[in-house]
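Novice: The following block contains the structure, expressed as structure tokens.
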Amino acid sequence: MDTKQTRVVAIVNEKGGVGKTVTVINLGAALSRKGQKVLVVDMDPQFNATKGLGVEIDEKMLTTYDLITDDKSISPEDSILHTKWTGLDLIPSHVDLAGAEIELIDEEGRENRLAEALESITAGYDFIILDTPPSLSLLTVNVFVCANEVIVPCQTHPYAFGALEQLFDTINTVKEEINPDINITGIVATFFDKRTRISPRIMEQLKNDDRYKDLLFDTVIRVNTTIAESADVGKPVVFFRQSSYGACDYSNLAEELLAQD
Ligand SMILES: Nc1ncnc2c1ncn2[C@@H]1O[C@H](COP(=O)(O)OP(=O)(O)OP(=O)(O)O)[C@@H](O)[C@H]1O
Ligand SMILES: [Mg+2]
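Position one of the sequence shown corresponds to residue 959 (the working numbering), numbered consecutively onward.
Structure below.
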């Protein structure tokens, strides 16, 4: 019997626009191309991961909103969509998810809703990759309760460091108070542009900082317009244009992640 534990990976940074969603979509796709069975779970009301995987929400679909607000009458299995790409599944998000925090305000155990919903389907996957909104809301806390790994995309831009420090503090609190099994397993530098002065400087800072250097992936995600283009047409870049820098960088990141096993 295969007893290999599913890796449940949250992609988190409270800072907006740092490449979280693009990392969810493309790391997920790159892993599936390498034969891994992957489930992407979109926990952001902006539903960019859902769009980036080419899925248009219709009213019949069950979403993460239903999973966390439902009183257990729906089966989580029914919320899984198979994307056009083999081995790459999705639980989509819905704009209504933005209201879930208010709706659940009086509910006990509201931070455990997602973990409870995913419990019965987790074993069917090698990887579950969760997208999060750029805030520390109940939605992100739900993600922290079910994840065993956190990968932090760090934009190689000014102010990236401050956000990182804050995030590490947050995860430490989460580990102490709600999920002792959670660990930050990687920092991935994003939006790298060697022609600028700031990108290489931030890289140097990351490599020389005792708090971060051992967590830093060797793979660096370069600025690449094909990444943005592919998200816009609803295709992961590894399927949209295999020869692009974006496809190459995310394939390398997937390779590194697999080598950690
Ligand atoms: N390496 C890259 N090169 C070029 N464009 C990129 C790259 N990574 C992401 N983008 C683009 O930058 C924008 C922000 O990326 P993304 O949506 O992944 O960030 P995010 O952290 O998920 O943002 P939010 O916090 O709003 O959810 C998107 O338009 C995306 O297509
Ligand atoms: Mg996003």
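Even for Gly, the Cβ is constructed at its ideal location relative to N, Cα and C.
Please list the segments of the alpha helix (DSSP H) lying wholly inside the segment 1009-1050, counting only runs of 4 or more residues, in order along the chain.
Specialist: The qualifying runs are 1022-1027.
Novice: Alpha carbon to alpha carbon, what distance is there between Thr-1021 and Thr-1143?
Specialist: Taking the sequence shown and counting its residues from 1, the one referred to as residue 1143 is at position 185. Taking the sequence shown and counting its residues from 1, the one referred to as residue 1021 is at position 63. C-alpha separation (whole angstroms): 28 Å.
Novice: Consider the C-beta atom of Thr-1114 and the heavy atoms of ligand 4; say whether any pair is separated by less than 7 Å.
Specialist: Here the bound small molecules are ligand 1 and ligand 2; ligand 4 is not part of this structure.
Novice: Just checking, does the segment 997-1010 make contact with the segment 1052-1059 on the three C-beta pairs under 8 Å criterion?
Specialist: Verdict: yes, contact present.
Novice: Verify whether the separation of the beta carbon atoms of Val-976 and Thr-1148 is less than 8 Å.
Specialist: What you label residue 976 is simply residue 18 of the sequence shown in a count that begins at 1. What you label residue 1148 is simply residue 190 of the sequence shown in a count that begins at 1. For Val-976 and Thr-1148, yes; Cβs fall inside 8 Å.
Novice: Take Asp-1089 as the anchor and find which of Ser-1078, Ile-1079, Glu-1107 has the nearest alpha-carbon.
Specialist: Reading the sequence shown from its first residue, position 131 is the one you call residue 1089. Ranking the options by Cα distance to Asp-1089, first place goes to Glu-1107.
Novice: Could you have a look at Met-959 and say whether DSSP puts it in helix, strand or coil?
Specialist: On the sequence shown, residue 959 is found 1 positions in, with the first residue counted as 1. Here the model assigns Met-959 a pLDDT of 47, short of 50, so the residue's position is not dependable and the matter cannot be decided.
Novice: Are the CB atoms of Val-1110 and Phe-1150 nearer to each other than 8 Å?
Specialist: Position 152 of the sequence shown, counted from the start, is the residue given in the question as residue 1110. Position 192 of the sequence shown, counted from the start, is the residue given in the question as residue 1150. The answer is no: Cβ separation not under 8 Å.
Novice: So, under 8 Å CB-CB, Ile-1140 and Ile-1079 are touching, yes? Tell me the CB distance rounded to an integer number of Å.
Specialist: By one-based count along the sequence shown, residue 1140 stands at place 182. By one-based count along the sequence shown, residue 1079 stands at place 121. Going by Cβ atoms, the distance from Ile-1140 to Ile-1079 rounds to 20 Å, so no, they are not a contact pair.
Novice: Reducing DSSP to helix, strand and coil, say where Thr-1177 ends up.
Specialist: Walking along the sequence shown from the start, residue 1177 turns up at place 219. Coil.
Novice: Three or more beta-carbon pairs under 8 Å between the segment 1114-1123 and the segment 1088-1105, yes or no?
Specialist: The segment 1114-1123 vs the segment 1088-1105: no contact.
Novice: Under the assumption that Glu-1061 contacts Leu-1097 (Cβ atoms under 8 Å), give the Cβ distance between them as a whole number of angstroms.
Specialist: Taking the first residue of the sequence shown as position 1, residue 1061 is located at position 103. Taking the first residue of the sequence shown as position 1, residue 1097 is located at position 139. Going by Cβ atoms, the distance from Glu-1061 to Leu-1097 rounds to 12 Å, so no, they are not a contact pair.
Novice: Decide yes or no for the touch test of the segment 976-993 against the segment 1200-1216: beta carbon pairs closer than 8 Å, at least 3 of them.
Specialist: A contact exists between the segment 976-993 and the segment 1200-1216.
Novice: Quick one: what's got a C-beta closer than 6 Å to Val-1178's C-beta in the same chain, skipping five residues either side?
Specialist: For the purposes of this step, residue 1178 is taken as residue 220 along the sequence shown, with counting starting at 1. The answer, listed in chain order, is Ala-1147, Phe-1150.
Novice: Just curious, the beta strand (DSSP E) that Arg-1088 is in, first and last residue?
Specialist: The residue labelled residue 1088 in the question sits at position 130 within the sequence shown. Looking at the sequence itself, residue 1088 is Leu, so the reference to Arg does not match. Here the beta strand (DSSP E) through Leu-1088 covers 1085-1089.
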